[in-house]
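Here my numbering = 1-based position in the sequence shown + 407.
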Amino acid sequence: MKTIFTLFPEMLNLNGDSANSFVLQKNFEWMGEQAQSVSVATESQLLELLRLVKSSETGIFVTIGHGSAAAMQALAAHDALIRDLLEAIIESKTPAIVVGSALKWANVNAGSKSDRRSEFVVATSSAEDWPSNALGYLNSDLELPPVSVESNVILTLLHGPFFAKNPSWVERVVRLMGAENSSSESKEVADGFVEEIWRLEANH
Numbered sequence: 408m409k410t411i412f413t414l415f416p417e418m419l420n421l422n423g424d425s426a427n428s429f430v431l432q433k434n435f436e437w438m439g440e441q442a443q444s445v446s447v448a449t450e451s452q453l454l455e456l457l458r459l460v461k462s463s464e465t466g467i468f469v470t471i472g473h474g475s476a477a478a479m480q481a482l483a484a485h486d487a488l489i490r491d492l493l494e495a496i497i498e499s500k501t502p503a504i505v506v507g508s509a510l511k512w513a514n515v516n517a518g519s520k521s522d523r524r525s526e527f528v529v530a531t532s533s534a535e536d537w538p539s540n541a542l543g544y545l546n547s548d549l550e551l552p553p554v555s556v557e558s559n560v561i562l563t564l565l566h567g568p569f570f571a572k573n574p575s576w577v578e579r580v581v582r583l584m585g586a587e588n589s590s591s592e593s594k595e596v597a598d599g600f601v602e603e604i605w606r607l608e609a610n611h
């Protein structure tokens, strides 16, 4: 059983980023693999997830989405614990995705803020063994690469949700979680929609 954990899915979902968990779960289902999605929304649940990650539990994935300024303020009491969790995720090479404002917990150096960019972009990535580009909507004033990878953690400013528009990144995560990618009629239909989205948005 693969388990996909989503941190505070109601609060860290400003641009639908929690749906990355749903997209990953659907891909496993299309492959005939059992997968469950688990919400992490309390201190005790954070501590249990931290324990699992530190024990090098396999077959798990963690989604941390983008939240509004109000949501980030409301979660401030959990800042230290979430930072500890992300540090453990990076050290253990647990696959994860961290989006937008949640990057502050990954101790990413955002540098100085610039003028806000609000546009569809095809971002490049030089991370070894990962896809070389990704499509998404960039709506940020942070001086950061739109997508990068640390250990097995995807760090991105792109919304979409990210996995819905970038199936090659999903395939990489599936392999990291110990499963073999396989095709199905449902996946082929979904990939057809993705091709059309790229055609429309990549040159927007």
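We put the CB at the ideal spot given by N, CA and C, even for glycine.
State buried or exposed for F600, treating a residue as buried only when at least 16 other CB atoms are found within 10 Å of its CB. Against the sequence shown, residue 600 aligns to sequence position 193. When all chains shown are included, F600 counts as exposed.
Is V596 near the ligand PLP, with its Cβ less than 6 angstroms from a heavy atom? Here there are no bound small molecules, and the ligand PLP is not part of this structure.
At least three beta-carbon pairs within less than 8 angstroms, the segment 504-513 to the segment 464-478: Cβ pair count under 8 angstroms is three or more, so yes.
Going by beta carbon distance, what residues of the same chain come within less than 6 angstroms of L454, once the five residues before and after it are set aside? For the purposes of this step, residue 454 is taken as residue 47 along the sequence shown, with counting starting at 1. Contacts found: none.
Helix, strand or coil at Q443 [DSSP, three-state]: Translated into the one-based positions of the sequence shown, residue 443 becomes position 36. Residue state, collapsed to three classes: strand.
Cβ-based burial, V447 [other Cβ within 10 Å; buried from 16]: Here residue 447 refers to the residue found at position 40 of the sequence shown. Only buried fits V447, as 16 or more other CB atoms lie within 10 angstroms of its CB.
Which of the three DSSP states, helix, strand or coil, is assigned to R524? Here residue 524 refers to the residue found at position 117 when the sequence shown is read from its first residue. R524 falls in the strand class under three-state DSSP.
Cβ-Cβ distance between S508 and H485 below 7 angstroms: Residue numbering aside, residue 508 sits at position 101 when the sequence shown is read from its first letter. Residue numbering aside, residue 485 sits at position 78 when the sequence shown is read from its first letter. In this structure, S508 lies away from H485, with their beta-carbon atoms at least 7 angstroms apart.
Between which two residues does the beta strand (DSSP E) harbouring E557 extend? On the sequence shown, position 150 is the one that residue 557 refers to. Annotation: the continuous beta strand (DSSP E) that includes E557 extends over V554 to E557.
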